[in-house]
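Letter 25 of the sequence shown, counting from 1, is numbered 25 in our numbering, and no numbers are missing. For each residue, glycine too, the CB sits at the ideal point set by N, CA and C. Please read all numbers here as calculations on a predicted model, not as lab measurements.
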Amino acid sequence: MTSAAPEASARVTIVNRKGLHARASAKVAKLAAEYDAKVIVRHEGEQADA
């Protein structure tokens, strides 16, 4: 018998008026790499894996 991994999602608001830029994006990607997870960043119909 296999068990499904728990699933979670969250919606966050980027408060920087200029958006999510290189330094902050790198921190998100580094944190995401520490987990066995798929992290997707979406904005106005566009998306990218973190």
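Next on the checklist: Rounded to whole angstroms, what is the Cα-Cα separation between residue 19 and residue 25?
Outcome noted: 10 Å
Checklist entry - Which residues bound the beta strand (DSSP E) around residue 52? => result A question about residue 52 goes unanswered here, because the residues of the chain that appear run from 1 up to 50.
Checklist entry - Looking only at DSSP bridge pairs, what is residue 33 linked to? => result According to DSSP, which records beta bridges pairwise, residue 33 is partnered with nothing at all.
Checklist entry - Using DSSP with H/G/I as helix, E/B as strand and the rest coil, what is residue 48? => result strand
Item to check | Proximity below 8 Å, CB of residue 29 to CB of residue 50 | outcome: yes
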